[in-house]
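Going left to right, the sequence shown walks through residues -24 to -1, 1 to 144 as mature numbering (1 follows the signal peptide of the UniProt record, and there is no 0) numbers them.
Below is one structure, written out as structure tokens; the observations come after it.
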Amino acid sequence: MKRHALILSLLALLTLGLFSLASAEHKEHGSSNHGKEMSMDHGKEMKGHGMGEVIRTHTVDDLTLTYRLIDMHQRMKDMDGMESMSGKMASHHLMLDVKGKNGAMVHDAKVGFVITDPDGKEVKTMAMAMGGGHGADVEMKQKGTYTLKVKVKAGDKVVKDSFTHMTK
């Protein structure tokens, strides 16, 4: 009986040790956030942090709309080990921060984009809410002028915006 208890105790210690080692190694690889919800707050100033280039800020009916564009292909090429991913994803990520009259982020808005490329091809997409901002993956790899139409529904208020952006 003592021998059986000793063997079980040793197995338990060995198992605990292996889990500790695996956990430590997992954290060393920078993967400690796996399985946790990650929040992106587009409302904070994020220059130099991969949050994209501000391409337009415009106020419509007391809502301030700030558009940011991230070149995802370039971003993947700049990240160690991610170079091969650049061809497997949309060329850009378009983000829209919606702020109310008081300057606070509007969290419950619905955002849709209609993007017309330089050849006249129109693509519609809905943005996903991300920490107050709204983002969508879009194809803008062709050089030229794009027309972006945006519809924002925030509560009972619906606002529309339209502008052009040139990619080089």
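Every residue, glycine too, gets a C-beta built ideally from N, C-alpha and C.
Check, Outcome
"Give every residue of the same chain whose Cβ lies closer than 6 Å to the Cβ of Thr101, excluding the five residues on either side of it in the sequence, and list them in chain order.", "Phe89 and Ala112"
"Between Asp95 and Ala66, what straight-line distance do the alpha-carbon atoms span, to the nearest angstrom?", "18 Å"
"Our contact map puts Arg32 next to Phe139 with C-beta atoms below 8 Å; I'd like the distance itself, whole angstroms only.", "6 Å"
"Which residues in the same chain as Met104 place their Cβ atom closer than 8 Å to its Cβ, once the five residues preceding and following it in sequence are excluded?", "His110, Gly111 and Ala112"
"Relative to the C-alpha of Gly120, which candidate in Lys53, Gln50 and Ile91 has its C-alpha closest?", "Ile91"
"For Leu124, is the classification buried or exposed, using 16 other Cβ atoms within 10 angstroms of its Cβ as the cut-off for buried?", "buried"
"Can you look up Glu1 in the DSSP assignment and give me helix, strand or coil?", "Unreliable positioning characterises Glu1 in this predicted model, as indicated by a pLDDT of 41, which lies under 50. The coordinate reading is nonetheless provided below. Correct three-state label for Glu1: helix."
"Please classify Asp73: is it buried, with 16 or more other beta-carbons within 10 angstroms of its beta-carbon, or exposed?", "buried"
"Any idea if His83 is buried or exposed, counting beta-carbon neighbours within 10 angstroms, 16 or more meaning buried?", "exposed"
"Does DSSP put His141 in a helix, a strand or coil?", "strand"
"What is the DSSP secondary structure of Phe(-6), reduced to helix, strand or coil?", "Since pLDDT at Phe(-6) reaches only 42, below the 50 mark, its modelled position is unreliable, and the value read off the structure follows with that caveat. Note: Phe(-6) maps to helix in three-state DSSP."
"Under 6 Å: does the beta carbon of Asp38 sit that close to some heavy atom of the ligand HEM?", "The model depicted lacks the ligand HEM and carries no ligand whatsoever."
"Assign Ala85 to one of two classes, buried (16 or more other C-beta atoms within 10 Å of its C-beta) or exposed (fewer than that).", "buried"
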